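Engineer:
Protein chains: 4
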Amino acid sequence: MRMLTVGVAGASGYAGSEALRLLLGHPDVRVGAVTGASTVGQRLGELAPHLAPLRDRELVETTPQAFADHDVVILALPHGASAQLAAQLPDDVLVLDCGADFRLVEEQRWTSFYDTPHACSWPYGLPELVRADGSKQRDDLVGARRVAIPGCYPTAATLALAPAFAAGVVAPDDVVVVAASGTSGAGRSTKPHLMASAVMGSMSPYGVGGGHRHTPEIEQNLSTALGQPVTVSFTPTLAPMPRGILATCTARLAGDPAAVRAAYERTYADEPFVRLLPEGEWPATGAVLGSNVVQLQVAVDEHAGRVVVVAAEDNLTKGTAGAAVQCLNLALDLPETRGLPTTGLAP
Amino acid sequence: MRMLTVGVAGASGYAGSEALRLLLGHPDVRVGAVTGASTVGQRLGELAPHLAPLRDRELVETTPQAFADHDVVILALPHGASAQLAAQLPDDVLVLDCGADFRLVEEQRWTSFYDTPHACSWPYGLPELVRADGSKQRDDLVGARRVAIPGCYPTAATLALAPAFAAGVVAPDDVVVVAASGTSGAGRSTKPHLMASAVMGSMSPYGVGGGHRHTPEIEQNLSTALGQPVTVSFTPTLAPMPRGILATCTARLAGDPAAVRAAYERTYADEPFVRLLPEGEWPATGAVLGSNVVQLQVAVDEHAGRVVVVAAEDNLTKGTAGAAVQCLNLALDLPETRGLPTTGLAP
Amino acid sequence: MRMLTVGVAGASGYAGSEALRLLLGHPDVRVGAVTGASTVGQRLGELAPHLAPLRDRELVETTPQAFADHDVVILALPHGASAQLAAQLPDDVLVLDCGADFRLVEEQRWTSFYDTPHACSWPYGLPELVRADGSKQRDDLVGARRVAIPGCYPTAATLALAPAFAAGVVAPDDVVVVAASGTSGAGRSTKPHLMASAVMGSMSPYGVGGGHRHTPEIEQNLSTALGQPVTVSFTPTLAPMPRGILATCTARLAGDPAAVRAAYERTYADEPFVRLLPEGEWPATGAVLGSNVVQLQVAVDEHAGRVVVVAAEDNLTKGTAGAAVQCLNLALDLPETRGLPTTGLAP
Amino acid sequence: MRMLTVGVAGASGYAGSEALRLLLGHPDVRVGAVTGASTVGQRLGELAPHLAPLRDRELVETTPQAFADHDVVILALPHGASAQLAAQLPDDVLVLDCGADFRLVEEQRWTSFYDTPHACSWPYGLPELVRADGSKQRDDLVGARRVAIPGCYPTAATLALAPAFAAGVVAPDDVVVVAASGTSGAGRSTKPHLMASAVMGSMSPYGVGGGHRHTPEIEQNLSTALGQPVTVSFTPTLAPMPRGILATCTARLAGDPAAVRAAYERTYADEPFVRLLPEGEWPATGAVLGSNVVQLQVAVDEHAGRVVVVAAEDNLTKGTAGAAVQCLNLALDLPETRGLPTTGLAP
């Protein structure tokens, strides 16, 4: 196969540099344009010294011209900046947007959390999402030329709970998700609460009471799995680690307890990137660092009448840039796993 | 006032050494016997080099004789070891047990989680616990000579949710608690999953689905607050930090949303160690390290129909040894705050 | 004794908030004015939530008037800002400067590292510094009204090496100091290399080859100990922890190996805040967090012909604000240890 | 090329599991036998869950028979256990020993640090080591069938200092190396000082005064570079991070300062895994996590008369298992960089 030219817009942020890390390991890809905003003219060697093979690359300005003759463009831009660039890229170029702009189908979900107009939605890039009819979201991604890559929290929460909803074994109105994220999930801009001195040795929530912008995305996905509306209470917390999300997800049991684990085994049996652990083993973000794998464990708490599912992922890999590469593979008819690590870096 | 002689049984563990740290700062206390098991004969300078003033103290064997002529004995012993020693200490000696042995009132709660016989229960050492009749648990502690110090998770979860139950604004049957703890909560014995290489950069749950022994204690406390049974889904997780618990606690809204925050303000207005933060500020374990303060924030998520309360505490201070000193003060008629830090160590 | 009114200029930085933490625990002190610059009008509850007793204090502007009728003013200001304020404070007010402005005696040492004019020097606030004649720096501090508080690295390196120089057992021309500091040493301003995502899991040097501004201060101190010039190669590194300095200090053996440890024992036998550990025990920053103690271990490497001394301190306590309080005690004729913790927070 | 069968003896330790991580990414390798001792019968999914593709592999006993028909065997065994197994493996099997047993050429260096008899020495697996005659150690590795993989500290210290010695610009008798290592360098066995609660937030030395077993290995290498004996003062410290070594290495300047940087540029210009950073950029262990790259920066401190070189590496990759794979490639005439990551995982 000929080499694909893949550019990255917003390469100095964490999502962008993770995309470059993965593209460097993809056998069918040649890294194309690497663009920034305030970082134009800087070398990747200064900005992202871990990307040694690209150390002498300079960031150029983010323009449609920068991506001329590209096969694929990955957008890792601030919220609201994707639509304009995407509109100027040819229709046959595959555009993968790591931002939130094109994820929400219903305008009302959008407007309750964002103050900009709702753009439109693109096929949603979570291949493993099981839908109410038993099909999977993967079907919408084969051959696509515009894909909205999921948020990092929604990826973990959705993969954790969708099988239970699709199987009808949990109730739609009392879902609780509490998730801990490493600091890279909050991006690269310097803020007081993200300073090392403030973070190390401390945990704290950010946003309590439903205000997080990922809530409607989780609800959209679980509603897709159930075939009817689901509401979610979501609390994100910041953990003293650079990468990783651990999502503890619970819903009220509304079916046969024995059917719960079976639903997960059935849904994910053939998925290369979703791993239901054997009973007695627990997900750990440290086991999936740099890997595109999500680890799950599920339990039924009959005493409390709830299903509890815990998911561990790398927020930058499966949670962002790995999902983009996975969708690239699907859209362009490559093997879905091409270039994607399933081995993590530990300890 | 004359100086109290206070001994610590199990001083080489984290709870015991934290008790010693606090006792060294208590103006009315003289540190008495310091005992261990496998560490007998070792100096505190080797075992707990942060306790500089006690560096030359040697640990002696844990026997009743070691505590002869003591006013107070703090037990920081493995599960099951407290009852025997306590029985051999005179009735007028104040015994504060940091273990689980005497916390649960109902035998049935005990036997569902422990395989030893249920001993009995002692007054429960959480002074700020508001009860269904509006009184507080503090009443049971004044003058007591045996006190069961609460577990670290139950302290956070109970202080987070009891006011809502006492005020009748949440429902008793869909309570979810997800809490992250630093590693000191798991004690000092060497285990593979507690090694630095395994913990740093990683989060993981331990026990999913209701099996944690702290669940019945949380349920007992919330039932005390409500005046009728409460069931709880509790998931503990291990965070890459040495100290601190962040507990995210949610319950179904069952009353006037406007009454929720008012219940917390009313309950904790005069409490020296429980701090409801102003709206817009979030609890952080890093703000209470070494301090006896619990920080709380409460929010009503009307969209999801749930009350969300987040609590931050130091698991070894307010979560264990600070609570013991607070109960010592109450039991012996000292000012409740004597010797207890409200200032944390940060950053 | 009447209560002293002590103000802090620059209270929103880490040195300033650590000074407040210690002052809150000092029995003879009342916290006076608390001033800032860009933070004027903010509450300490927002800026430093660990200082619970001061949560409702608002920062006021840093002016001489703010400190009217104060007994003591602690300056925790950016480099270059201390001189002007100090000049406007009455001569009988004790002024303790945590900045670098007044530390260097010789103008030439100053001008090789700073581009501002050399102000003058104040008595140097390291009481335990042993001088060539066997006296200690403490003598200059009793009754002083202006004191220059040492830098955090120089405190560790000086206490580690001065006894060997004063005893004449090491050579002055091949001193090497390599030190690791927690991130709080770099201050509170937000910089990319101090972000949690950049720091956690990583170590890096900052400045290699002698350019660090603390080098002349270390050399000045060791020259004081020896009575003739000493040159030092100093490399600071940034460690993934919020607090603490571990300084590994080596010098060429130039005397009787057996005299080395004896020199340390003699120098520090009666020092309440410097602890030479028993042979076989190693200093750890984790053992002195929040404490004013410096731990030392010394060894003679006869094979390499060098003396190696390792020092552990809390950079904000003994390395900055604790030293200020210690000098306050000395200057105002209080017991030197008053209000200063010798117990650390661990684990 | 046909696939090579590569087995790993001691696969449950950190060096062994890192070898497996790299072998999984090597295009010419098939993972053969995976052996342990106390872990025989356990699945890699339990022991090393990050190695997802090998999750169902069970560890078998470490015997010569287990490695029948293998092309390569990587030994990651405790000190002293390699010789016996190696002696039973056929001469034409490539054996790469990650332990210390075969590194030291001179018996006297061995016996001063080890209490077992000196076995013999194998070709030393540090290809980039420049020798006094300007050749490199790589020459000894092409076609070798027994290779002693260097220790993690010696790799960093040697690459940092050898060019200066080979160029004759530093003196042999006052070399100081102070290095910080992540906890994985201390191995996987559970010890109190390696517990997360003890390590996080703390730095400490382990061994002060020349007693570390890596000292003679560093001296051997630098003597090779200089062509005459070199003595080294080496102090290792433990840093609160799982991986990485930052080595600060200094030696007395003994030549033209301008020749120093040139020596490094010349030595490493064509090395794929050693990177001399541009002036003004600093090595960081966080930039080489999981990568086989060593970052260097060199400076001449004319004031102190010393050359200072700082090296950052991943102790498990270039410091151990990456070096083994690099030597495998050299020994078996594969491209030296085959299967070895030069991209790190960051942040």
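Chains as they are written, first to last, in our numbering: chain A, 1 to 347; chain B, 348 to 694; chain C, 695 to 1041; chain D, 1042 to 1388.
The beta-carbon is built from N, C-alpha and C at its ideal position, and this holds for glycine as well.
Bear in mind the structure is a predicted one, so any value in this text is a computation, not a measurement.
Does the beta carbon of Glu265(A) come closer than 9 Å to any beta carbon on chain D?
Structural biologist: Sequence index remark: in the first sequence, residue 265(A) carries index 265 (1-based). Answer no: the Cβ-Cβ gap between Glu265(A) and chain D never drops below 9 Å.
Engineer: Taking its Cβ as the centre, do 16 or more other Cβ atoms sit within 10 Å of Val387(B), making it buried, or is it exposed?
Structural biologist: Here the question's residue 387(B) lines up with position 40 in the second sequence. Label assigned to Val387(B): exposed.
Engineer: Under 8 Å Cβ-Cβ, which residues of chain B neighbour Ser985(C)?
Structural biologist: Numbered from its first residue, the third sequence carries residue 985(C) at position 291. Result: His397, Ala399.
Engineer: Work out the CA separation of Gln922(C) and Ile592(B) for me, nearest whole Å.
Structural biologist: Locating residue 592(B) in the second sequence gives position 245, counting from the first residue. Locating residue 922(C) in the third sequence gives position 228, counting from the first residue. Taking the straight line from one Cα to the other gives about 53 Å.
Engineer: Measure the C-alpha to C-alpha separation of Leu473(B) and Ile496(B) and round it to an integer number of angstroms.
Structural biologist: Position 126 of the second sequence, counting from 1, holds the residue named residue 473(B). Position 149 of the second sequence, counting from 1, holds the residue named residue 496(B). Distance between the alpha carbons of Leu473(B) and Ile496(B): 7 Å.
Engineer: Which of the three DSSP states, helix, strand or coil, is assigned to Lys1177(D)?
Structural biologist: The count along the fourth sequence starts at 1 and reaches residue 1177(D) at position 136. Looking at Lys1177(D) - three-state DSSP - the assignment turns out to be strand.
Engineer: In three-state DSSP terms, what is Cys1290(D)?
Structural biologist: Working through the fourth sequence from its first residue, we reach residue 1290(D) at position 249. Cys1290(D): strand per DSSP, three-state reduction.
Engineer: Between the alpha carbons of Arg998(D) and Arg1172(D), how many angstroms are there, rounded?
Structural biologist: This structure does not reach residue 998(D), given that chain D is present from 1042 up to 1388, and the question cannot be answered.
Engineer: Within 10 angstroms of its Cβ, does Arg724(C) collect 16 or more other Cβ (buried), or is it exposed?
Structural biologist: Reading the third sequence from its first residue, position 30 is the one you call residue 724(C). By the neighbour-count criterion, in which a residue is buried when 16 or more other Cβ atoms sit within 10 angstroms of its Cβ, Arg724(C) is exposed.
Engineer: Could you have a look at Tyr1194(D) and say whether DSSP puts it in helix, strand or coil?
Structural biologist: Within the fourth sequence, numbered from 1, the residue matching residue 1194(D) stands at position 153. Of the three classes helix, strand and coil, the one that applies to Tyr1194(D) here is helix, per DSSP.
Engineer: With 9 Å as the C-beta to C-beta threshold (strictly closer), list the residues of the stretch 619-646 of chain B near chain A in chain order.
Structural biologist: Hits within the stretch, in order: Trp629, Pro630, Ala631, Thr632, Gly633, Ala634, Leu636, Gln644, Val645, Ala646.
Engineer: Using three-state DSSP, classify Leu351(B) as helix, strand or coil.
Structural biologist: Numbered from its first residue, the second sequence carries residue 351(B) at position 4. Looking at Leu351(B) - three-state DSSP - the assignment turns out to be strand.
Engineer: Against Thr190(A), what residues of chain C qualify as contacts under a CB-to-CB distance less than 7 Å, listed in chain order?
Structural biologist: As a position in the first sequence, residue 190(A) is number 190, starting the count at 1. Thr884, Lys885, Pro886, Met889, listed in chain order.
Engineer: Should Pro205(A) be flagged as near chain C, meaning a C-beta pair shorter than 9 Å?
Structural biologist: As a working note, residue 205(A) is residue 205 in the first sequence. Output row for Pro205(A): interface = no.
Engineer: Hey, how far is the Cα of Ile310(B) from the Cα of Leu391(B)?
Structural biologist: This structure gives no information on residue 310(B), because the portion of chain B shown stretches from 348 to 694.
Engineer: Does the Cβ-Cβ distance between Ala1093(D) and Gly344(A) come in under 9 Å?
Structural biologist: Counted from its first residue, the fourth sequence places residue 1093(D) at position 52. Counted from its first residue, the first sequence places residue 344(A) at position 344. Cβ atoms of Ala1093(D) and Gly344(A): closer than 9 Å.
Engineer: Go ahead and pull the three-state DSSP assignment for Leu126(A).
Structural biologist: The residue labelled residue 126(A) in the question sits at position 126 within the first sequence. If DSSP states are grouped into helix, strand and coil, Leu126(A) belongs with coil.
Engineer: Less than 8 Å between the CB atoms is what I'm expecting for Ala993(C) and Val1211(D), so what's the real figure, rounded?
Structural biologist: On the third sequence, position 299 is the one that residue 993(C) refers to. On the fourth sequence, position 170 is the one that residue 1211(D) refers to. Contact flag wrong, Cβ pair sits at about 24 Å.
Engineer: Under 9 Å, Cβ to Cβ, is there at least one residue of chain B near Leu1153(D)?
Structural biologist: Taking the first residue of the fourth sequence as position 1, residue 1153(D) is located at position 112. The question names Leu, yet the displayed sequence has Ser at residue 1153(D). Output row for Ser1153(D): interface = no.
Engineer: For Ser189(A), count neighbouring Cβ atoms within 10 angstroms of its own Cβ and tell me buried if that reaches 16, exposed if not.
Structural biologist: Indexing the first sequence from 1 puts residue 189(A) at position 189. By the neighbour-count criterion, in which 16 or more other beta carbons inside 10 Å mark a residue as buried, Ser189(A) falls on the exposed side.
Engineer: Report the CB separation of Thr5(A) from Gly32(A) in whole angstroms; it is logged as a contact under 8 Å.
Structural biologist: Taking the first sequence and counting its residues from 1, one reaches residue 5(A) at position 5. Taking the first sequence and counting its residues from 1, one reaches residue 32(A) at position 32. Yes, Thr5(A) and Gly32(A) are in contact; Cβ-Cβ is about 4 Å, under 8 Å.
Engineer: By the three-class DSSP mapping on this structure, what secondary structure does Leu779(C) have?
Structural biologist: Along the third sequence, read from residue 1 onward, the residue named residue 779(C) stands at position 85. It is helical.
Engineer: Under the DSSP definition of a beta bridge, which residues are partnered with Gln295(A)?
Structural biologist: Position 295 of the first sequence holds residue 295(A). Arg275(A), Ala312(A).
Engineer: Tell me, please, which residues DSSP counts as bridged to Ser698(B).
Structural biologist: This structure cannot speak to residue 698(B), because chain B is shown only from 348 to 694.
Engineer: Chain B beta carbons: is any one of them nearer than 9 Å to that of Arg213(A)?
Structural biologist: Residue mapping note: residue 213(A) aligns to position 213 of the first sequence, counting from 1. Arg213(A) does not count as touching chain B.
Engineer: Can you pull the DSSP bridge partners for Arg493(B)?
Structural biologist: In the second sequence, residue 493(B) corresponds to position 146, counting from 1. Arg493(B) pairs with Val442(B).
Engineer: So, for Ser364(B): in the same chain, excluding its five sequence neighbours on each side, which residues have a beta-carbon less than 7 Å away from its beta-carbon?
Structural biologist: On the second sequence, position 17 is the one that residue 364(B) refers to. Within the same chain, Ser364(B) has close Cβ partners Ala358, Ala395, Leu398.
Engineer: What's the C-alpha gap between Asp1214(D) and Glu1258(D)?
Structural biologist: Within the fourth sequence, the letter at position 173 stands for residue 1214(D). Within the fourth sequence, the letter at position 217 stands for residue 1258(D). Asp1214(D) and Glu1258(D): Cα-Cα distance of roughly 16 Å.
Engineer: How big is the Cα-Cα spacing for Pro372(A) and Ala179(A)?
Structural biologist: With chain A represented from 1 up to 347, any question about residue 372(A) goes unanswered, as that position is not in the structure.
Engineer: Taking all protein chains shown into account, decide if Pro772(C) is buried (16 or more other Cβ within 10 angstroms of its Cβ) or exposed.
Structural biologist: Numbered from its first residue, the third sequence carries residue 772(C) at position 78. Counting C-beta atoms within 10 angstroms of its own C-beta, Pro772(C) has fewer than 16 neighbours from the protein chains shown and is therefore classed as exposed.
Engineer: Ser531(B) touches chain C at which residues, Cβ-Cβ below 7 Å?
Structural biologist: As a first step, residue 531(B) must be located in the second sequence, where it is residue number 184. Those within 7 Å of Ser531(B) in chain C are Pro1041.
Engineer: Classify Ala1042(C) as helix, strand or coil using the three-state DSSP reduction.
Structural biologist: Residue 1042(C) falls outside the range modelled here, since chain C spans only 695 to 1041, and no answer is possible.
Engineer: Inspect the beta-carbon positions of Val672(B) and Ala658(B) and report whether they are closer than 9 Å.
Structural biologist: Residue 672(B) sits at position 325 when you count from the first residue of the second sequence. Residue 658(B) sits at position 311 when you count from the first residue of the second sequence. No; because the gap between Cβ atoms is not below 9 Å, this pair is not in contact.
Engineer: Identify whether Val546(B) lies in helix, strand or coil by the three-state DSSP scheme.
Structural biologist: For the purposes of this step, residue 546(B) is taken as the residue at position 199 of the second sequence. Helix at Val546(B).
Engineer: Could you check how far apart the C-beta atoms of Asp786(C) and Arg839(C) are, in whole angstroms? I think they sit under 8 Å.
Structural biologist: For the purposes of this step, residue 786(C) is taken as residue 92 along the third sequence, with counting starting at 1. For the purposes of this step, residue 839(C) is taken as residue 145 along the third sequence, with counting starting at 1. Separation of the CB atoms of Asp786(C) and Arg839(C) is rounded to 6 Å, and the pair is thereby assigned contact status at 8 Å.
Engineer: When the Cα of Pro1273(D) is compared with those of Thr1256(D), Cys1368(D), Pro1281(D), Asn1262(D), which residue comes out closest?
Structural biologist: In the fourth sequence, counting from the first residue as 1, residue 1273(D) sits at position 232. Here residue 1273(D) turns out to be Val, not Pro, going by the sequence shown. Checked all of Thr1256(D), Cys1368(D), Pro1281(D), Asn1262(D); the closest Cα to Val1273(D) is Thr1256(D).
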